[in-house]
Amino acid sequence: NTVFQEVTKELSPELLDVLENARKFLTTTVADSTSRVYSRDWQGFVCWCEEHALSSMPSSVDTIVCYFTSLAMKGFRVTTIRRHSAAIAAAHKESGYPTPTAHPAIRELLKGMTRKIGSPPNPVDALLSEDIKKIVQALPSALIGVRDKALILLGFAGAFRRSEIVGLDVNDIAYRDEGLVVLLRRSKTDQNGEGRWVGIPYGKNADTCPVTAVHAWLEASGIEEGAIFRGLNKHGHVVSERLSCRSVGEVIKRAAQAAGLDPNRYSGHSLRSGHCTQAARSGVAEHIIMQQTGHKCRDTLKRYLRLGTIFKENSANSLGL
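The sequence shown begins at 477 in our numbering and counts up one residue at a time.
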């Protein structure tokens, strides 16, 4: 990083160690998952520039305009193109160059794309309470089924993101008379690690109680510290590595298929969206849902609320058809 180029000369070993830690802090300004996506997007831009004999670093505004336009012509969503823009900006900042994507021409281009081609949401189906009950009943009694049951019920009750589920450690949960208290140390909207407490109440039915399911998994797996949700080897034994975000989606799809549901309609996000949609359908107040989900913006939540009440609050019901 260019920040350190002039300060590394004639430093003591102690200060060099301090400097190395400073580098690590600077490289963790975004989440690891975001960093991986940015890296992939940046490499895509570099390859495109090489194919057209253009400079990717530093890049010109004209080059980026052409690149974004080519992405749009290939059918990329505007939200995806904006993500590419963020990746290019991050790469330039890291290399000490001005951010070309901040140019007014780029902003106007993206605005124009939004008006012209739009960026409609394409959400996967939400898993509602009845779906969750079907899925839980269809899970095997083997250790993998015990784990998947805990993951699904906890993720649904907590309205957790995939990264939040797999990021949980044993010391992040505490049992209370009312249920389970979960500490989310970091999330998509909390990159600074301030943390957020989420309450998971006991379920009305023991078979679908998230607190009971988590306790059963920890007892059966023998996990006492570290990652709560881990993989299993080919012999069905628990390994030390925590599950990946992708694994959550695989768990959901496998469980949905076993329950007779179409696995292609669901993903790891179906637990979180399902909580929001089900709560809205049940008449839960908006601010209470946001308290559980951690949404900071009502506009983001409103899409789920609309889906939850799309038939209940519908003027077509009064047409007498």
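Cβ coordinates follow ideal geometry from the N, Cα and C atoms, glycine included.
| query | result |
| --- | --- |
| Mapping the DSSP letters down to three states, classify Glu640 as helix, strand or coil. | helix |
| Which class does Asp538 belong to by DSSP, given the choice of helix, strand or coil? | helix |
| Using 8 Å as the threshold, is the C-beta distance between Leu547 and His560 below it? | yes |
| Measuring CA to CA, which of Val657, Ser639, Asp653 and Ala755 is closest to Asn647? | Val657 |
| What is the DSSP secondary structure of Gly655, counted as helix, strand or coil? | strand |
| Within the same chain, show all residues whose beta-carbon is closer than 7 Å to that of Thr575, passing over the 5 residues directly before and after it, in chain order. | Ala565, His568 and Lys569 |
| Let me check understanding here. Comparing Cα to Cα, which of Arg722, Leu781 and Tyr742 lies closest to Ala731? | Tyr742 |
| With DSSP run on the structure shown, which of helix, strand or coil describes Ala703? | strand |
| Which of the three DSSP states, helix, strand or coil, is assigned to Pro677? | strand |
| Measuring CB atoms only, is the region 754-770 touching the region 782-794, in the sense that at least three cross pairs come out at less than 8 Å? | yes |
| Mind checking Lys788: buried by the 16 CB within 10 Å criterion, or exposed? | exposed |
| Counting Cβ pairs closer than 8 Å, one from the region 704-719 and one from the region 736-752, do we hit at least three? | no |
| With a threshold of 16 other CB atoms inside 10 Å of the CB of Trp673, please say whether the residue is buried or exposed. | exposed |
| Please identify the residue among Ala562, Met766, Pro489 and Ser791 whose C-alpha is closest to the C-alpha of Ser511. | Ala562 |
| Using only the alpha-carbon positions, how far apart do Phe540 and Ile582 sit? | It is worth fixing the name first, because residue 540 is Ile in this sequence and not Phe. Their Cα atoms are separated by approximately 8 Å. |
| Just how far apart, CA to CA, sit Ile699 and Phe636? | 21 Å |
| For Arg672, list the residues DSSP reports as bridge partners. | Leu660 |
| Could you please give the first and the last residue of the uninterrupted alpha helix (DSSP H) stretch that includes Arg718? | Arg718 -> not in any alpha helix (DSSP H); beta strand (DSSP E) instead, spanning Val714 to Arg718. |
| For a test of the three-state rule: what should DSSP assign to Asp517, helix, strand or coil? | helix |
| Within 10 angstroms of its Cβ, does Ile764 collect 16 or more other Cβ (buried), or is it exposed? | exposed |
| Please name the residue in Tyr651, Ser535, Ala618 and Asp738 whose C-alpha comes closest to that of Gly572. | Ser535 |
| Suppose you measure from the CA of Lys680 to the CA of Ala735; what does that come to, to the nearest Å? | 22 Å |
| Return the residue from the list Lys587, Lys625 and Glu701 that minimises the CA-CA distance to Val612. | Lys625 |
| Report the rounded CA-to-CA distance for Ile676 versus Arg774, giving the unit in angstroms. | 22 Å |
| Could you work out which residue in Arg558, Lys592, Ile593 and Glu496 is closest to Ala578 when comparing CA atoms only? | Arg558 |
| Output the boundary residues of the alpha helix (DSSP H) element that contains Gln580. | The identity of residue 580 in the sequence shown is Pro, whereas the question assumes Gln. From DSSP, the alpha helix (DSSP H) with Pro580 extends over Pro580 to Ile593. |
| For the candidate residues Glu726, Gly520, Ser617 and Ile628, whose alpha-carbon lies nearest to that of Ser605? | Ile628 |
| Considering only the beta carbon of each residue, do Val687 and Gly655 sit closer than 8 Å? | yes |
| Along the alpha helix (DSSP H) that carries Arg730, what are the first and last residues, could you check? | Cys721 to Ala734 |
| Check whether the Cβ of Gly750 sits closer than 7 Å to any heavy atom of the ligand ATP, and report yes or no. | Within the structure as shown, the ligand ATP is missing, as the structure has no ligands at all. |
| With DSSP run on the structure shown, which of helix, strand or coil describes Asp645? | strand |
| Rounded to the nearest angstrom, what separates Lys592 and Arg638 at their Cα positions? | 33 Å |
| Using a 10 Å radius around the Cβ and a threshold of 16 neighbouring Cβ atoms, would you call Val724 buried or exposed? | buried |
| May I have the straight-line CA-CA distance separating Thr478 from Ser531, to the nearest angstrom? | Low local confidence applies: a pLDDT of 47 at Thr478 is under 50, so the model's placement there is unreliable, and no value is given. |
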